[in-house]
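First residue of the sequence shown? That's -6 in my numbering, and the numbers climb one at a time after it. By construction, the Cβ of each residue, glycine as well, lies at the ideal position given by its N, Cα and C atoms. This structure is a prediction, so every number in the text was calculated from the model and none was measured.
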Amino acid sequence: MAGKEAKDQYCDATETTEPTLRRFGGRMKVLLTVAAGGVLLSSIIWLRNTDHSSSEASAQQAKPATVQVADKKPGATTQQQSQTPRQSVTNTILGPADLNASPKLPEKPRAVGQEHKQLSVFAVVNGEQISRKFIGQQTVKRFGGEVLESIINKKLIELECTRLGILVTDKHVDMEIEVIAKKFGLSVDRWLDLLQNERDIPIQKYREEIIWPALALRQMATKQIQVSPEELSKAYESEFGPKVKVRVITVTNLEKAQQLLKAAKANPDDFGSLAKDHSEDPTSASARGLIPAIRKHGGEESIELAAFSLEPGEISDIVKVANQYLILKCEKRIAPTYVAPQFLADAKQRLHDQIRDANMQREASKIFKELKEKAKVVNVYVQPELGKQMPGVVGLINNYKITTRDLTDECIMRHGASVLEGEINRKLLKQALVKAEKKVTNDDLNREIARAAESYGFLKANGDPDLRAWVDKVTENDNVTLDIYVQDAVWPSVALEKLAIDSVKISQEDLEKGFESNYGQRVKVLAIVLQNQRQANMVWELAKNNPSDYFFGQLAEQYSVEPVSRENSGQVPPIRRHGGQPQLEDEAFRLSKGELSSIVAIGGKFIILRCVGHTEPVVTDLADVKTELLKELQDRKTRTAMNRTFAELVEASEVVNFLRPIKAASGVTPSAQPPMFQK
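Below, the structure written as structure tokens:
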């Protein structure tokens, strides 16, 4: 209740905030790397991964590195992570490239082991200490409820294992990890290394909190976890059986669906255009209705029945699914995949294991529910009044006490490293603001929240930002309160902008390039992406000897390693100028309709294009869109300046992180490439 009142008061206090200029959203992705507890803000991250602009280059994230304790020298570096914004028709094949390479960072922070209990100070930032006590408070503030729930669940399983006489030993855990690693074709060491370095899952946590409970539950539910012949048969047919390649039109109005069905049956060849112009599903509409092939037992039964009743070229009747109306057109029927006898047993065993695991998850949910119903569980953490009667206790399980210290230690072990990273970054920003004699005011925070709300379409009827709706959205995750949102997302963004804004300048050349990129002519192409030069040469020769869009599309389906072009018969978003891939753009703009490109080598991939036409610019005068273009360029350049400023700030700082005492990386590296074809 207190949280809701706080939100209401905050929104009421900011109702009169002036509408801010729309800056196309994506900048707030930057701030998450300088905010404490960035990991927890999953809902905010999802919202901010979307860049509403068609900017020429995506913003890159920056995190601080730490200095090896033994060295005690400044030399922090920054980490780059590619942003994958949702773009409009101005998207390019390989996505925007980062022309301003940043110094690379060491690996991501890992969860820490028990050694943290021996430390009273976790980090020193330019001489200022960050204590264990403070990080403990911050981790509990962000993750306390989630971690306590996990502790309770694990303890329930432990108590039930004791009652049933179930014993899961380290040897059992080792054997299970080996089985899982083999499924991925990896050694145990490589598998554990991947989990730790790529997924931020410490080995001990993986063993104790993932594998051990899974094995315990498996033994508890052995009788319930069975795989029937019928389940195995359906799974086999779904994976290896026949499929139907279709186009689809999706709308939410029955009358509109009936009109589209009539038009489609009158001119079946126009189905793709109807899907592009009228379908309300943006993903399939952008591909003229094409979706991945429909297989049996893979989803909605009514869609499968409609799809498998069609022959190539036929159009279905209207299929109602929930509140949507679908029309399907069969492009082709795909024959079952042949599985050689020597591979059949392995295929069935893999499917058997998948079904067993799915069944186990269902049974695990039931077991947890039953255990909780039978056990006496008291969550003191979420009951402040009860907490006053039981100081130092956050939970009870059948009179077994979980203490505040237990919860704090567990929160630090799981999330201490990532929260500490954020607090180091926050301290760097605060120190820089003091040095620059700048401050972040409440008005600054209000404007940033309004900007974010407007940027993501949270508007009132009069066009003003709807702050209440926006705050409700970003705090809908249980871990995210209004205070955490402002502290971890809004404040760092404002602070970093204040430090960077003076360096942002927009030239006439920037305007002209931005206009050409966003409003100029684009090249409509089909594309094939290959892994190696030899295969590219072969496919190019085949395309040259069979110069048709249809044959090129077939080659894309067969050979392209990039999912969008492969699934859509080579169709990709039109290529624009100044999109970040000049080599590819130059080749595309040299082509005439029906012409085949040379092989373009970019980023270890080999791309072949076939031109199918050019778009005609709708806007031809820069003056007509100058105001909107200036907003976009201002936002993009601000994001770039924020990243650069933070990288420079880190480089000039001396940071000792006792939870991650690793060497700082040296040199620079280009950012990772975003997905090749973005819708």
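Going by DSSP, what residue range makes up the alpha helix (DSSP H) through residue i?
i              : result
leucine 209    : Per the sequence shown, residue 209 should be read as alanine rather than leucine. From DSSP, the alpha helix (DSSP H) with alanine 209 extends over 205 to 213.
glutamine 526  : 526 to 538
glycine 234    : Note, glycine 234: premise wrong, no alpha helix (DSSP H); not H, not E.
leucine 504    : 501 to 512
valine 375     : First-last for valine 375: undefined, no H or E at that position.
asparagine 650 : Premise fails: asparagine 650 lies in the beta strand (DSSP E), 648 to 650, not in any alpha helix (DSSP H).
valine 487     : 484 to 493
alanine 268    : 264 to 271
alanine 116    : Note, alanine 116: premise wrong, no alpha helix (DSSP H); beta strand (DSSP E) at 114 to 118.
arginine 343   : 334 to 367
glutamine 251  : 247 to 259
proline 275    : 275 to 278
isoleucine 477 : 475 to 478
List the residues that DSSP assigns as beta-bridge partners of residue i.
i                 : result
cysteine 604      : Val518
leucine 298       : Paired residue(s): none; leucine 298 is not in a bridge.
proline 458       : Leu452
glutamine 706     : With the chain covering -6 to 672 only, the question about residue 706 has no answer from this structure.
glutamine 325     : A small fix is needed here, since residue 325 is lysine in this sequence, not glutamine. According to DSSP, which records beta bridges pairwise, lysine 325 is partnered with Lys238.
tyrosine 229      : Bridge partners of tyrosine 229: none, in fact.
tyrosine 331      : Answer is none; tyrosine 331 lacks a bridge partner.
tyrosine 318      : Val244 and Lys313
phenylalanine 599 : Leu523 and Ala594
Beta-carbon separation of residue i and residue j under 8 Å?
i              : j                 : result
serine 226     : arginine 288      : no
glycine 546    : leucine 519       : yes
glutamate 441  : valine 483        : yes
isoleucine 144 : proline 206       : no
valine 133     : threonine 401     : yes
isoleucine 196 : leucine 185       : yes
glutamine 111  : isoleucine 159    : no
proline 567    : threonine 608     : yes
glycine 282    : serine 295        : no
glycine 572    : serine 646        : no
threonine 631  : isoleucine 494    : yes
leucine 642    : phenylalanine 508 : no
leucine 157    : alanine 357       : no
leucine 247    : tyrosine 199      : no
asparagine 372 : leucine 141       : yes
tyrosine 374   : glycine 129       : no
glutamate 202  : lysine 249        : no
Helix or strand or just coil, what does DSSP make of residue i?
i                 : result
tyrosine 449      : coil
proline 305       : coil
lysine 431        : coil
alanine 594       : strand
glycine 31        : Since pLDDT at glycine 31 reaches only 36, below the 50 mark, its modelled position is unreliable, and no value is offered.
lysine 313        : strand
glycine 388       : strand
proline 668       : Here the model assigns proline 668 a pLDDT of 44, short of 50, so the residue's position is not dependable, and the following value carries that caveat. It is coil, neither helix nor strand.
phenylalanine 177 : coil
threonine 401     : helix
isoleucine 242    : strand
leucine 283       : strand
leucine 589       : strand
valine 370        : strand
leucine 584       : coil
leucine 160       : coil
threonine 70      : Interpretation of threonine 70 is limited by its pLDDT of 32, a score under 50 that renders its predicted location unreliable; the figure taken from the coordinates is listed afterwards. Three-state DSSP puts threonine 70 in coil, outside helix and strand.
arginine 653      : coil
arginine 673      : In this structure the chain extends from -6 to 672, so residue 673 is not present and cannot be described.
arginine 570      : coil
Determine the extent of the beta strand (DSSP E) in which residue i is found, giving its start and end residues.
i              : result
isoleucine 123 : 121 to 124
threonine 638  : From DSSP, threonine 638 is part of no beta strand (DSSP E) but of the alpha helix (DSSP H) over 615 to 644.
threonine 396  : 393 to 396
valine 181     : Careful: valine 181 lies outside any beta strand (DSSP E), inside the alpha helix (DSSP H) at 181 to 191.
alanine 549    : Segment 542 to 552 is the alpha helix (DSSP H) holding alanine 549; no beta strand (DSSP E) there.
Output yes if chain C places a C-beta closer than 8 Å to the C-beta of residue i; else output no.
i          : result
valine 554 : The structure shown contains no chain C; it holds only a single protein chain.
Touching by the beta-carbon criterion (3+ pairs, under 8 Å), the segment 344 to 351 and the segment 219 to 231: yes
The segment 295 to 303 / the segment 232 to 240 touching (three or more Cβ pairs under 8 Å): yes
Stretch pair the segment 447 to 459 + the segment 493 to 510: three plus CB contacts closer than 8 Å: no
Contact the segment 314 to 325 vs the segment 241 to 260: 3+ CB pairs below 8 Å: yes
Touch test, the segment 409 to 425 against the segment 484 to 494, Cβ-Cβ under 8 Å, three pairs minimum: yes
Three-pair Cβ contact test at 8 Å for the segment 378 to 392 versus the segment 249 to 267: no
Cβ contact check for the segment 598 to 610 and the segment 568 to 584: 3 or more pairs under 8 Å: yes
Inter-stretch contact (C-beta, 8 Å, three-pair minimum) for the segment 585 to 593 and the segment 309 to 319: no
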